[in-house]
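Participant:
There are 2 protein chains.
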Amino acid sequence: MPISRLVRDLPSTVPFVGPEALERAQGFPFALRLGANESPFGPAPEAIAAMRSATEESWMYADPEGWELRTALALRLGVGVGNLVLGAGIDDLLGLAVRVFCDPGDACATSLGGYPTFAYHVAGYGARLVTAPYRATATPGHGCTDLSALAEVAHDERARLVYVANPDNPSGTWHEAETVREFRDALPDDAVLLLDEAYAEFMESPSPTWHPEDEGVVRFRTFSKVHGLAGARIGYAVMPASIAREFEKVRLHFGINRVAMAGALASLASDHAARVVEETAIGRARLVAELGARGYVCLPSATNFVGLGAGSRERAEAIVAGLRARGVFVRKPAHPPLDGHVRVTVGTAPQIEAFLAAFDDLRA
Amino acid sequence: MPISRLVRDLPSTVPFVGPEALERAQGFPFALRLGANESPFGPAPEAIAAMRSATEESWMYADPEGWELRTALALRLGVGVGNLVLGAGIDDLLGLAVRVFCDPGDACATSLGGYPTFAYHVAGYGARLVTAPYRATATPGHGCTDLSALAEVAHDERARLVYVANPDNPSGTWHEAETVREFRDALPDDAVLLLDEAYAEFMESPSPTWHPEDEGVVRFRTFSKVHGLAGARIGYAVMPASIAREFEKVRLHFGINRVAMAGALASLASDHAARVVEETAIGRARLVAELGARGYVCLPSATNFVGLGAGSRERAEAIVAGLRARGVFVRKPAHPPLDGHVRVTVGTAPQIEAFLAAFDDLRA
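Right under this line is the structure:
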């Protein structure tokens with residue numbers, strides 16, 4: 207069969223190999239799932255109840271306009287319903303952003319080793335990835351993402367899109383709101399900042415705010431992390447209404463699961479997110495302290511995971527392999543200078559215990 | 207913000223306006239939802255139970271390889287796991303097919319007034335739609351889709367893709383397996399037949415079979431119709447393994463809802479589909495007979511809906527509007543020669559009663 211030139215020339219790689227595939231390969235299941243920054247606190251009880259009830263309605267398509275959820279989000283965020291586009295997670299929305307903004311060959315700038323699904327879509331839609339390396343170190347509020355270098359690349363390559371996650375994944379580090387705003391102002395006038403805020407709820411300091419009609423930025427949020435609904439596949443983007451209408455021209459209108467919509471709506475109305483943020487902060491402090499007591503320094507984190515410094519790429523790989531052999535699923539950054547780190551999701555208190563036991567066993 | 211040339215020039219239309227948007231516009235809810243061929247028999251009880259139980263696991267991403275479901279499907283269909291690609295419904299998979307097979311400007315052939323989401327993706331990915339009209343009439347086993355005209359268009363335009371739904375939507379009519387096979391053989395050698403079998407389970411006669419490694423055809427199936435899981439967004443395509451690997455390069459790997467996967471798996475293992483097919487056949491015969499008694503002829507149907515002949519486009523539009531005003535959601539084909547029909551989903555026995563009552567009220 208004839209394959210399009212674009213797809214034929216794409217590499218056969220996937221953004222992430224799932225833990226289930228690793229389990230099938232290794233022949234035993236993971237006891238601890240700390241590799242995808244899923245929420246160990248689960249969905250809100252209110253969301254579970256709403257989803258259970260909605261399963262019987264699964265014979266009906268969900269409202270393709272997602273009106274009820276967008277209205278609830280608009281009220282909460284102080285934006286218009288027309289400023290919101292729903293998607294099957296940020297992954298889906300990032301692909302739409304590349305389609306909406308990029309002509310073939312257009313440059314899209316991001317950190318080398320940043321979120322691989324963005325790079326996947328850039329290649330998949332025929333745009334061109336340009337990168338700036340992360341910085342090796344960070345302090346609280348001044349993250350690994352090298353904003354100066356990214357702005358420079360964006361100018362040099364005349365980037366149409368600039369993707370930054372704040373807080374960042376995979377480092378967990380963050381920049382303060384004012385720094386991100388200054389970064390936006392330093393970008394080329396016709397570049398669009400794609401600001402991935404998947405972990406923003408975990409930040410103690412405020413996220414940068416923009417008027418929803420601001421022409422320079424599209425923000426992405428998700429129910430996958432603090433809301434504990436990764437498996438539901440639902441997220442949203444905030445953007446000028448005129449741009450949202452462009453997304454409407456290409457998005458999959460019947461692409462979101464009806465049960466997921468019910469769960470997201472119920473979770474928004476609950477106080478679950480606030481509780482998860484609190485529990486995560488306690489667990490993260492404990493995990494960082496316990497690892498510190500063992501001589502391992504973690505990168506500053508404003509997320510539900512930590513970047514454990516292993517000292518070298520080889521040692522980080524050995525820790526990942528050793529933990530997996532002990533039934534603990536973790537991942538690590540692939541590219542220097544962060545590839546000497548192991549990314550560990552902050553678990554519940556018993557999960558942190560179990561993680562430390564496996565870690566100690568590995569080091570013994 | 208800069209919009210890509212492709213998206214900027216797309217029209218601001220959506221494939222379908224949802225019933226919820228119509229309800230918001232008209233100010234009252236529909237009492238009967240017979241416009242989207244959703245299954246009035248709902249999901250399998252086994253699927254509901256599995257989905258209810260899976261809601262608690264929604265904090266975990268689904269297996270991006272969908273291994274368990276693909277294995278179950280492979281066993282049932284007698285194909286390899288590598289011949290199957292999962293998607294968030296056929297809509298999702300059709301978009302992927304256009305990406306995988308089409309260079310910009312490539313011709314994609316289908317019936318004028320056929321499934322609008324295919325045309326939406328063809329435009330959205332920069333390919334070019336070419337069409338052949340439906341035939342105005344059909345007999346059982348010899349449907350409205352004009353296969354000779356489609357094959358001619360495919361040759362004239364050097365079509366890369368040819369989309370046919372069998373049974374067809376929106377007409378409900380069908381061609382026998384042998385006819386579809388002959389049609390495939392009549393297409394250009396390098397054209398790919400996209401065979402949408404969303405309603406195939408409702409056919410009394412067998413669907414055409416192909417060796418999964420046959421280079422000429424990609425078949426699409428869904429859990430939205432006979433399985434009553436439209437809101438779950440899950441479907442699959444059967445194709446040669448080498449082509450499936452091309453789909454892997456561009457599909458959204460974490461795009462399917464975890465609860466949906468559990469529901470699909472449980473529904474497959476149940477006898478629900480067989481029961482729904484049986485009930486639908488009884489209801490369809492009753493609906494056709496009752497409409498016939500009122501002087502309305504329906505197109506032959508091998509689906510869970512019927513094409514009610516209204517006599518003219520104007521009368522069909524009046525029936526749609528009149529039914530909607532009476533709380534009954536139906537849709538109609540948009541293009542000649544089928545635009546004089548109203549498409550009515552076959553409901554449960556009480557729903558057929560209620561539909562006929564509204565229809566009689568409208569005619570009074």
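Residue numbers (my numbering), protein chains in the order written: chain B, 207 to 570; chain Y, 207 to 570.
Where is the CB? At the ideal position from N, CA and C, for every residue including glycine.
All figures in this text were calculated on a predicted structure; none of them were measured in a lab.
How many Å lie between Y/G349 and Y/M409 at the Cα?
Facilitator: Those two C-alpha atoms are separated by around 13 Å.
Participant: Tell me which residues of the region 258–292 of chain B have at least one Cβ-Cβ distance to chain Y shorter than 7 Å, keeping chain order.
Facilitator: Within the region 258–292 of chain B, the residues whose Cβ lies closer than 7 Å to some Cβ of chain Y are R258, T261, E262, E263, S264, W265, M266, Y267, A268, D269, P270, E271, W273, listed in chain order.
Participant: CB-CB under 6 Å to B/N243, same chain, minus the five flanking residues each way: which ones, in chain order?
Facilitator: N510, F511, T551, listed in sequence order.
Participant: B/D298 lies in the alpha helix (DSSP H); which residues open and close that run?
Facilitator: Counting along the chain, the alpha helix (DSSP H) containing B/D298 begins and ends at 295–307.
Participant: I'd like to check one pair, B/A325 with B/V368: are the Cβ atoms closer than 8 Å?
Facilitator: It is not a contact, given that the beta carbons lie outside the stated cut-off.
Participant: Any beta carbon of chain Y sitting closer than 8 Å to that of B/H417?
Facilitator: Output row for B/H417: interface = no.
Participant: Below 8 Å on the Cβ atoms is my contact criterion, and I expect Y/G469 with Y/L493 to pass it. Report the Cβ-Cβ distance as a whole number of Å.
Facilitator: Incorrect: roughly 28 Å between the Cβ atoms, too far for contact.
Participant: If we cut at 8 Å on Cβ distances, does Y/G498 have a partner in chain B?
Facilitator: Chain B, which has no Cβ nearer than 8 Å to the Cβ of Y/G498, makes this no.
Participant: Would the beta-carbon of Y/L240 be found less than 7 Å away from any heavy atom of the ligand NAP?
Facilitator: With respect to the ligand NAP, the structure offers nothing, as it holds no ligand at all.
Participant: Give me the subset of the region 455–486 of chain B whose CB atoms are less than 8 Å from a CB atom of chain Y, sorted by chain position.
Facilitator: Cβ contacts with chain Y come from K455, V456, L458, H459, F460, G461, I462, N463, R464, V465, A466, G469.
Participant: For Y/V306, return the contacting residues in chain B, with the cut-off set at a CB-CB distance below 7 Å.
Facilitator: Near Y/V306 (Cβ distances below 7 Å), the residues of chain B are I209, S210, V213.
Participant: In terms of residues, what are the limits of the alpha helix (DSSP H) holding Y/H361?
Facilitator: Run containing Y/H361: 353–362, per the alpha helix (DSSP H) assignment.
Participant: Can you pull the chain Y neighbours of B/L216, defined as C-beta to C-beta under 8 Å?
Facilitator: Per Cβ cutoff of 8 Å: K455, V456.
Participant: On a CA-only basis, which of Y/A524, Y/R425, Y/E407 is nearest Y/A480? Give me that one, please.
Facilitator: For Y/A480, the nearest C-alpha among the options comes from Y/E407.
Participant: Less than 7 Å between C-beta atoms, sequence neighbours within five positions excluded: which residues of the same chain meet that for B/G286?
Facilitator: For B/G286, where only same-chain residues beyond five positions count, the Cβ hits under 7 Å are A280, P418, A447.
Participant: Which residue marks the beginning of the beta strand (DSSP E) containing B/G461, and which one marks its end?
Facilitator: Where B/G461 is concerned, there is no enclosing beta strand (DSSP E), given that its DSSP letter is neither H nor E.
Participant: Tell me, to the nearest whole angstrom, how far the beta carbon of B/R390 is from that of B/A313; I am working on the premise that it is less than 8 Å.
Facilitator: 17 Å between Cβ atoms; not a contact.
Participant: Any beta carbon from chain Y within less than 8 Å of B/S411's own beta carbon?
Facilitator: By this cut-off, B/S411 is not an interface position.
Participant: Can you tell me whether Y/G513 is helix, strand or coil according to DSSP?
Facilitator: Here Y/G513 sits in strand by DSSP.
Participant: Distance check for B/V306 and Y/I209, CA to CA, integer angstroms please.
Facilitator: Looking at the two C-alpha atoms, the distance is approximately 6 Å.
Participant: Going straight from the alpha carbon of Y/A495 to that of B/E403, what length do you get?
Facilitator: Distance between the alpha carbons of Y/A495 and B/E403: 57 Å.
Participant: What residue range is occupied by the uninterrupted beta strand (DSSP E) comprising B/R427?
Facilitator: First-last of the beta strand (DSSP E) with B/R427: 423–428.
Participant: Helix, strand or coil: which one does DSSP assign to B/D269?
Facilitator: Looking at B/D269 - three-state DSSP - the assignment turns out to be coil, as it is neither helix nor strand.
Participant: Anything in the region 226–257 of chain Y with a Cβ closer than 7 Å to a Cβ of chain B? List those residues in chain order, please.
Facilitator: Against chain B - using a Cβ distance shorter than 7 Å - the residues of the region 226–257 of chain Y are E226, A227, R230, R239, A242, E244, S245, G248, P249, I254, M257.
Participant: Express the C-alpha separation of Y/D545 and B/L400 in angstroms, rounding to a whole number.
Facilitator: About 44 Å.
Participant: CA-CA distance, B/M257 and B/E263?
Facilitator: Computed Cα separation, rounded: 10 Å.
Participant: Answer yes or no: does any C-beta atom of chain B fall closer than 8 Å to that of Y/P221?
Facilitator: It does; some Cβ of chain B falls within 8 Å.
Participant: Could you tell me whether the Cβ of Y/E559 comes closer than 8 Å to any Cβ of chain B?
Facilitator: Cβ-Cβ to chain B under 8 Å: no for Y/E559.
Participant: Using a threshold of 8 Å, state whether the C-beta atoms of Y/D352 and Y/P373 are closer than that.
Facilitator: Cβ distance not < 8 Å, so Y/D352 and Y/P373 don't count as in contact.
Participant: Can you find a CB in chain Y that lies within less than 8 Å of the CB of B/A294?
Facilitator: Output row for B/A294: interface = yes.
Participant: So that I know if they touch, is there some Cβ in chain B lying closer than 8 Å to that of Y/G311?
Facilitator: False, the Cβ-Cβ gap to chain B never drops below 8 Å.
Participant: Taking the CB atoms as reference points, tell me whether B/I462 and B/G288 lie closer together than 8 Å.
Facilitator: No, Cβ-Cβ distance for B/I462 and B/G288 is not below 8 Å.
Participant: What is the DSSP secondary structure of B/D566, reduced to helix, strand or coil?
Facilitator: Helix, per DSSP.
Participant: Let me check understanding here. Comparing Cα to Cα, which of B/P221, B/D297, B/C504, B/I449 lies closest to B/V398?
Facilitator: Measuring from the Cα of B/V398, the nearest candidate turns out to be B/I449.
Participant: Terminal residues of the continuous alpha helix (DSSP H) containing Y/V494?
Facilitator: Counting along the chain, the alpha helix (DSSP H) containing Y/V494 begins and ends at 478–499.
Participant: What did DSSP end up calling Y/H348 once you bin it into helix, strand or coil?
Facilitator: Y/H348 falls in the strand class under three-state DSSP.
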